[in-house]
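Taking it in order: structure first as structure tokens, then the write-up.
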Amino acid sequence: MQMMTRKVLLNMELEEDDDEDGDIVLENFDQTIVCPTFGSLENQQDFRTPEFEEFNGKPDSLFFTDGQRRIDFILVYEDESKKENNKKGTNEKQKRKRQAYESNLICHGLQLEATRSVSDDKLVFVKVHAPWEVLCTYAEIMHIKLPLKPNDLKTRSPFGNLNWFTKVLRVNESVIKPEQEFFTAPFEKSRMNDFYILDRDSFFNPATRSRIVYFILSRVKYQVMNNVNKFGINRLVSSGIYKAAFPLHDCRFNYESEDISCPSERYLLYREWAHPRSIYKKQPLDLIRKYYGEKIGIYFAWLGYYTQMLLLAAVVGVACFLYGYLDQDNCTWSKEVCDPDIGGQILMCPQCDRLCPFWRLNITCESSKKLCIFDSFGTLIFAVFMGVWVTLFLEFWKRRQAELEYEWDTVELQQEEQARPEYEAQCNHVVINEITQEEERIPFTTCGKCIRVTLCASAVFFWILLIIASVIGIIVYRLSVFIVFSTTLPKNPNGTDPIQKYLTPQMATSITASIISFIIIMILNTIYEKVAIMITNFELPRTQTDYENSLTMKMFLFQFVNYYSSCFYIAFFKGKFVGYPGDPVYLLGKYRSEECDPGGCLLELTTQLTIIMGGKAIWNNIQEVLLPWVMNLIGRYKRVSGSEKITPRWEQDYHLQPMGKLGLFYEYLEMIIQFGFVTLFVASFPLAPLLALVNNILEIRVDAWKLTTQFRRMVPEKAQDIGAWQPIMQGIAILAVVTNAMIIAFTSDMIPRLVYYWSFSIPPYGDHTYYTMDGYINNTLSVFNITDFKNTDKENPYIGLGNYTLCRYRDFRNPPGHPQEYKHNIYYWHVIAAKLAFIIVMEHIIYSVKFFISYAIPDVSKITKSKIKREKYLTQKLLHESHLKDLTKNMGLIAERIGGTVDNSVRPKLE
1 MQMMTRKVLL NMELEEDDDE DGDIVLENFD QTIVCPTFGS LENQQDFRTP EFEEFNGKPD
61 SLFFTDGQRR IDFILVYEDE SKKENNKKGT NEKQKRKRQA YESNLICHGL QLEATRSVSD
121 DKLVFVKVHA PWEVLCTYAE IMHIKLPLKP NDLKTRSPFG NLNWFTKVLR VNESVIKPEQ
181 EFFTAPFEKS RMNDFYILDR DSFFNPATRS RIVYFILSRV KYQVMNNVNK FGINRLVSSG
241 IYKAAFPLHD CRFNYESEDI SCPSERYLLY REWAHPRSIY KKQPLDLIRK YYGEKIGIYF
301 AWLGYYTQML LLAAVVGVAC FLYGYLDQDN CTWSKEVCDP DIGGQILMCP QCDRLCPFWR
361 LNITCESSKK LCIFDSFGTL IFAVFMGVWV TLFLEFWKRR QAELEYEWDT VELQQEEQAR
421 PEYEAQCNHV VINEITQEEE RIPFTTCGKC IRVTLCASAV FFWILLIIAS VIGIIVYRLS
481 VFIVFSTTLP KNPNGTDPIQ KYLTPQMATS ITASIISFII IMILNTIYEK VAIMITNFEL
541 PRTQTDYENS LTMKMFLFQF VNYYSSCFYI AFFKGKFVGY PGDPVYLLGK YRSEECDPGG
601 CLLELTTQLT IIMGGKAIWN NIQEVLLPWV MNLIGRYKRV SGSEKITPRW EQDYHLQPMG
661 KLGLFYEYLE MIIQFGFVTL FVASFPLAPL LALVNNILEI RVDAWKLTTQ FRRMVPEKAQ
721 DIGAWQPIMQ GIAILAVVTN AMIIAFTSDM IPRLVYYWSF SIPPYGDHTY YTMDGYINNT
781 LSVFNITDFK NTDKENPYIG LGNYTLCRYR DFRNPPGHPQ EYKHNIYYWH VIAAKLAFII
841 VMEHIIYSVK FFISYAIPDV SKITKSKIKR EKYLTQKLLH ESHLKDLTKN MGLIAERIGG
901 TVDNSVRPKL E
């Protein structure tokens, strides 16, 4: 068998017309043949086509018609002679390319068998089998680790005496038997006898076989155009020559296979993992990894660990919420707002020009009561706790990840990762490797790389600015609609109408703006996805890991600005730059800047988080469940004859939904965005971990149900860790300390209340003889004379709105008539100093604890390190001893031959 020679190939992601004229490329055993595209197919004797066989009537069969050769991959195409509404010339070209590709697959050692569809005579299924020799050859090329001998190292249960308790949560080992562990090493054909080969049919498991076949399918060429080779199954599928390419599920998800030799792993995964009755059980991670590959296995391991850690955060968050709820009766400042003799007598200044009336403070009574729940001392405790929790989660996950690397043989994964076919296709430049001093091909020079990086960075920056522009649009909406709500909503706080009681202009503006912001976020997501993929394709990373990491950083950067920008605006900008009624600040010279409620913007931030976080979770789960289910349901209704005939395994899988090119990328992105909501703004919403916990418990089972029942089997892939998501979470954890400290300092009213309690409620600033919160509201609202409007370019907006002379507003300024009227008073500077001191102290305390925890908890546990060293030692010893045995055996044979030769030469002389 002749191995494929890698040549300069086109990028499969480029949107080109694959029907252009070019030369067909055929791989032969001893040469490469280039054939013209045009000509009679009957005259082309170089095509090696698969044999057509009829379906044998066994719906669960995973083998060729002979029952011996296992199906490792399925290719699906529509018979060109039976296509409708297509030009004959186009069909002819596509047929030639397909036949050339299949011929080249056969020349690479793969075995093909074609079968027509049972339900649709136009569809043809090409079954691909990799024989033993091909598997061994490519296992060595791909540096795949395979078993040497059973692992005799004893593993200690982490639960010790609690095994009786955790047995209820574990998967039933009589149903899913534990996988036998082996010492492994990269496969080498020259050392085949050293490997643990009991049976050639089972030495390479189905996932490994599919992975090897996909490696070949992705690199076999089929056409030359303009001296550039076109190759790979991905390009053929995207151009419509093939309709699908996928590995097979081993059985139906709801029934065991009729073939007793089939392990029915899909059925076991559905029963013990995806079924709702298993929602309380741990995930069978080893079986997930065996069936779907390490990449999917590490995702579910991470998601499960994250969900377990959320349980602790949710318990503490609920406790802090209950503390605030039970303590709201002691909220003195809220009582003052609701008191008709205090809040009912305080006349507040209009919050917009002309159309907004004067209003009484007590109309915000209900919102002040709700604010007491979230703006309490428990919130401060919870913010500090979450700063420590996120560090514990990340550090313990690193340890868990190291254990999985050892158990799943991905410790040295980087050594076996191959370059992407798209990267190889662009390797036009020859350079000298500084290490090996040998020639190697790269896609672009240093100058070309700088140009690409500059263009990619510029594109990313442009789209981020576009997101910020959409946020500004939401702000303008807030400013505009607030005027409408201020003039239309009733102002009588004594009404019995629930809308009149709870829906203030500020609350109505916040709710509607949050809903619109959520809708815009979901719309922009679809645009940013395509933009990020285009930029990453242009950047051309070398390996699949590099590609995914690059795309991850771009997509997260987009999503970070998209999802969190409105929250950052409410938390840190709204109400901070409004001036005062006599000299208000105008946005764009027209819109008066938004003001917060008298209790601050914390409640509005809570509302924003609840709508975006809750709406996103509901929308994503509905989309993940309904969309594939409805698509499969429609497909079943279209196949009228499908219910009348027995369909083979490959045809059943073909009618499932294909997994996207990016696989679990969007699942990771969804969870990381949620992780940001749980950590960055948790000081304003202590129930966020509880919502995340409930969502994740459902998310695990929804994703499992989706993979096992609604989607085709993905090509198994290796993965050492969760990739770029790990540093992203670490960055979020560091930023979360700052954001939560600033939310408590600048968004909530906790610091002003503490300053009043300890300094301004008693002499020399206060009139009380003891520390108290009485009089806090009156002390923190400044006074404004409506005749003191300073902007001479505008008419006084307060004249004509009522027979009033004074009104109150939220700020710390001197009253009219003071020598420094309307300047910030001493209370303001005390509060600013206290806020800055609080931020510095809180950050230093939490960061110190975080760094201590990071230092005290090693990334790899001592037990795992010992196991890795022990396995490496035993593996080297095993290979070395085996090599010595072979060497000794060979030396013995040589010695015998030399001895025999000497005896034969000496014996005649003795005679």
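Counting along the sequence shown from 1, when you hit position 584 you're at 584 in full-length UniProt numbering, and nothing is skipped either side.
Built from N, CA and C at the ideal position, the CB exists for glycine as well.
Going straight from the alpha carbon of residue i to that of residue j, what length do you get?
i: I570; j: S748; result: 11 Å
i: R701; j: C567; result: 30 Å
i: Y406; j: W829; result: 57 Å
i: C456; j: N562; result: 19 Å
i: Y267; j: S550; result: 36 Å
i: S103; j: V124; result: 16 Å
i: residue 941; j: F760; result: What is shown of the chain runs 1 to 911, which leaves residue 941 out entirely.
i: V430; j: F444; result: 9 Å
i: M12; j: L662; result: Confidence at M12 is low in this model, with a pLDDT of 34, below 50, so its placement is unreliable and the value that follows should be read with caution. Going from the Cα of M12 to the Cα of L662 covers about 15 Å.
i: H844; j: I451; result: 41 Å
i: S848; j: V841; result: 11 Å
i: L10; j: K230; result: Low local confidence applies: a pLDDT of 32 at L10 is under 50, so the model's placement there is unreliable, with the coordinate-based value given in what follows. For L10 and K230, the distance between alpha carbons rounds to 6 Å.
i: W277; j: V694; result: For clarity, residue 277 is Arg in the given sequence; the question names Trp instead. Cα to Cα, R277 sits roughly 16 Å from V694.
i: I342; j: I786; result: 21 Å
Is the beta carbon of residue i sitting closer than 7 Å to the one on residue j?
i: V213; j: L105; result: no
i: T607; j: S510; result: yes
i: A244; j: W705; result: no
i: A314; j: M553; result: no
i: A683; j: I743; result: yes
i: L112; j: V134; result: no
i: F246; j: T709; result: no
i: L285; j: A301; result: yes
i: V384; j: L361; result: no
i: V126; j: P50; result: yes
i: Q544; j: R420; result: yes
i: M555; j: A532; result: yes
i: F195; j: P150; result: no
i: residue 931; j: E595; result: Given that the chain is displayed from residue 1 to residue 911, the structure contains no residue 931 and the question cannot be resolved.
i: L836; j: R808; result: no
i: V171; j: K281; result: yes
i: M631; j: Q657; result: yes
i: I612; j: F518; result: yes
i: Y776; j: Y798; result: no
i: A100; j: F52; result: no
i: P648; j: P206; result: no
i: E80; j: K95; result: yes
i: L347; j: F358; result: yes
i: S202; j: D72; result: no
In three-state DSSP terms, what is residue i?
i: L311; result: helix
i: A130; result: coil
i: F760; result: helix
i: K122; result: coil
i: T805; result: coil
i: V484; result: helix
i: M386; result: helix
i: E717; result: coil
i: F52; result: strand
i: N785; result: strand
i: W359; result: strand
My assumption, with CB atoms under 8 Å, is that residue i sits in contact with residue j. Please give the rounded CB distance.
i: S287; j: L269; result: First, the amino acid is wrong: residue 287 is Leu here, not Ser. Confirmed, Cβ separation roughly 6 Å.
i: I751; j: F838; result: 6 Å
i: R712; j: W333; result: Not confirmed; about 60 Å, so no contact.
i: R75; j: D250; result: The residue asked about is misnamed: residue 75 is Leu in this sequence, not Arg. With 8 Å as the limit, L75 and D250 do not qualify as a contact, their Cβ atoms being about 19 Å apart.
i: L588; j: Q426; result: Contact flag wrong, Cβ pair sits at about 47 Å.
i: I233; j: L404; result: Not really, about 30 Å apart at Cβ, beyond 8 Å.
Note to self: Assess contact between the segment 710-726 and the segment 369-382, defined as three or more Cβ pairs (one per stretch) separated by less than 8 Å. Is contact present?
What the structure shows: Flag = no, the segment 710-726 and the segment 369-382 do not touch.
Next item on the list: Would you check if the segment 814-832 and the segment 850-861 touch, i.e. whether three or more CB-CB distances between them fall below 8 Å?
Entry: The answer is no - the segment 814-832 does not touch the segment 850-861, with fewer than three Cβ pairs under 8 Å.
Next item on the list: Decide yes or no for the touch test of the segment 383-395 against the segment 612-621: beta carbon pairs closer than 8 Å, at least 3 of them.
Entry: Two segments are said to touch when three or more pairs of C-beta atoms, one from each, lie closer than 8 Å; by this definition the segment 383-395 does not touch the segment 612-621.
Notebook entry, point to check: Between the segment 796-814 and the segment 763-775, do three or more beta carbon pairs fall short of 8 Å?
Noted result: no
Note to self: Check whether the segment 134-148 and the segment 183-190 touch, using three or more Cβ-Cβ pairs below 8 Å as the test.
What the structure shows: yes
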